[in-house]
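Peer 1: With the first letter of the sequence shown counted as 1, position 190 gets the number 208 in the working numbering; the numbers rise by one all the way through.
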Amino acid sequence: MSLQLPASLTPSKVSTFKECALAFRLSAIDKLPEPPTVQAFKGTVVHRALELLMWEEPQGGRSLETALRKLGRALDELLAGTEGTALGLAGEELEELRADAEELVGNYFVLEDPDEVRVLGTELRLQVDVSESRLRLRGIIDRLEMDTDGELVVTDYKTGRAPGVSQEGLRLGGVHFYAFLCEQFLGRRPARVQLLHLREPLAISSTPSDQSIAGLERQALAIWAAVRRACSEEDFRPKPGPQCGWCGFHAYCPAQGGDLSLVPREATGPNPATVQLSLEATA
Ligand code: SF4
19 MSLQLPASLT PSKVSTFKEC ALAFRLSAID KLPEPPTVQA FKGTVVHRAL ELLMWEEPQG
79 GRSLETALRK LGRALDELLA GTEGTALGLA GEELEELRAD AEELVGNYFV LEDPDEVRVL
139 GTELRLQVDV SESRLRLRGI IDRLEMDTDG ELVVTDYKTG RAPGVSQEGL RLGGVHFYAF
199 LCEQFLGRRP ARVQLLHLRE PLAISSTPSD QSIAGLERQA LAIWAAVRRA CSEEDFRPKP
259 GPQCGWCGFH AYCPAQGGDL SLVPREATGP NPATVQLSLE ATA
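1. On the criterion of 16 or more Cβ atoms from any shown chain inside 10 Å, does residue 60 qualify as buried, or is it exposed?
2. Express the C-alpha separation of residue 212 and residue 221 in angstroms, rounding to a whole number.
3. Pairing CB atoms from the stretch 248–255 with CB atoms from the stretch 31–48, are three or more of them under 8 angstroms?
4. Counting C-beta neighbours from all protein chains within 10 Å, is the total for residue 285 16 or more, i.e. buried, or is it exposed?
5. For the stretch 193–202 against the stretch 231–245, are there 3 or more C-beta pairs whose distance is under 8 angstroms?
6. Using a Cβ distance threshold of 8 angstroms, determine whether the stretch 110–125 contacts the stretch 88–100, with at least three qualifying pairs required.
7. Does the beta-carbon distance from residue 84 to residue 75 come in below 8 angstroms?
8. Since residue 269 contacts residue 259 with CB under 8 angstroms, what's their CB separation in whole angstroms?
9. If we count Cβ pairs, one from each stretch, closer than 8 angstroms, do we get three or more for the stretch 96–111 versus the stretch 157–171?
10. Once DSSP output is grouped into helix, strand and coil, what is the label at residue 31?
11. Could I get the ranges of all uninterrupted beta strand (DSSP E) runs contained in the stretch 73–130, with 3 residues as the minimum, in chain order?
12. Quick check on this structure: which residue in 202, 153, 233, 261 has the alpha carbon closest to the alpha carbon of residue 242?
13. Expressed to the nearest angstrom, what Euclidean distance is found between the alpha-carbon atoms of residue 198 and residue 229?
14. Here's a check: name, in chain order, each residue in its chain whose Cβ is nearer than 6 angstroms to the Cβ of residue 209, leaving out the five neighbours to either side.
15. Cα-Cα, which of 130, 155, 82 is closest to residue 29?
16. For residue 118 and residue 178, what's the separation of their Cα atoms in angstroms?
17. How many Å lie between residue 291 and residue 247 at the Cα?
18. Residue 56 by DSSP, collapsed to three states: which one?
19. Residue 143 lies in the alpha helix (DSSP H); which residues open and close that run?
20. In terms of alpha-carbon separation, which member of 271, 148, 200, 100 lies closest to residue 161?
21. Are the CB atoms of residue 272 and residue 278 nearer to each other than 8 angstroms?
22. Between 44, 176, 203, 100, which has its C-alpha nearest residue 22's C-alpha?
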């Protein structure tokens, strides 16, 4: 019996598959919940604050002071949500998170002047079908805007550390996903795609080309073929590495002394007739 193909993939899931196939399986196929982390929660809060700033406030009204007010609102909202409740943040830990999130929002203003951005949409959910392959690509774009030349620009916020200079391909990998998605869905290729790394702060920008778009499609198909093969052969091997430090699946991982047979089997089953590949923005 083969494992059920995942219903969707995100860029972070693609990275997970490359880093450790077993972690991918446990997350994307068995759908085991990963314990919430302060780091991921903080990323969600900052993304929400910037969404509120860019979508609710017109050009001319997007000051740092306003952004910090939006951050306070975002934090209150999310602390009351499932993830916030599970984390149970309070006292010094909560104040540390707030201070760090404020620093990230402040760093955003180092990278660009939000009053100059002509926002077309935020948190846009796009979905496209890739011809021949039966793949459905789906993703969430943090922000779509129009530049002064009337061209589309896709922006993705990052709150984690940017990969090192030697990992240029990794740094730009997500960029090409968004460009591909935008062109397929809107029928128009963005003139530019940018990653705003708020921690450093650092802006990484790329101009999509015929070559980069075709390369992304090839990469998506190759990853999908590898996932299908692994599902068919039930072969998702653990690959210990630095990522084990933040992996939430030690209890199921043989490489960590865990037991894979503890994974609930009801989450797996035969391959479905239709497959979706979704590409979501990462924190
Ligand atoms: S602990 Fe390490 S080897 Fe095991 S599933 Fe997680 S990332 Fe993979």
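For every residue, glycine included, the Cβ atom is placed at its ideal position computed from N, Cα and C.
Just so you know, these numbers come straight off a predicted model, no measurement behind them.
Peer 2: Looking at the atomic coordinates:
1. Residue environment: residue 60 is assigned as buried (16 or more neighbouring CB atoms within 10 Å of its CB, all protein chains considered).
2. 7 angstroms
3. yes
4. Caution is warranted here: a pLDDT of 49 is assigned to residue 285, below 50, making its placement in the model unreliable, and no coordinate value can be reported.
5. Between the stretch 193–202 and the stretch 231–245 there are three or more C-beta pairs closer than 8 angstroms, enough to call the two in contact.
6. yes
7. yes
8. Contact between residue 269 and residue 259 is absent: CB atoms are separated by about 18 angstroms, not below the 8 angstroms threshold.
9. no
10. helix
11. Correct list: empty.
12. 153
13. 11 angstroms
14. 169
15. 155
16. 12 angstroms
17. For residue 291, the pLDDT reaches just 32, beneath the cut-off of 50, and the residue's location in the model is therefore unreliable, leaving the point undetermined.
18. helix
19. Note, residue 143: premise wrong, no alpha helix (DSSP H); beta strand (DSSP E) at 136–148.
20. 200
21. yes
22. Closest by alpha carbon: 44.
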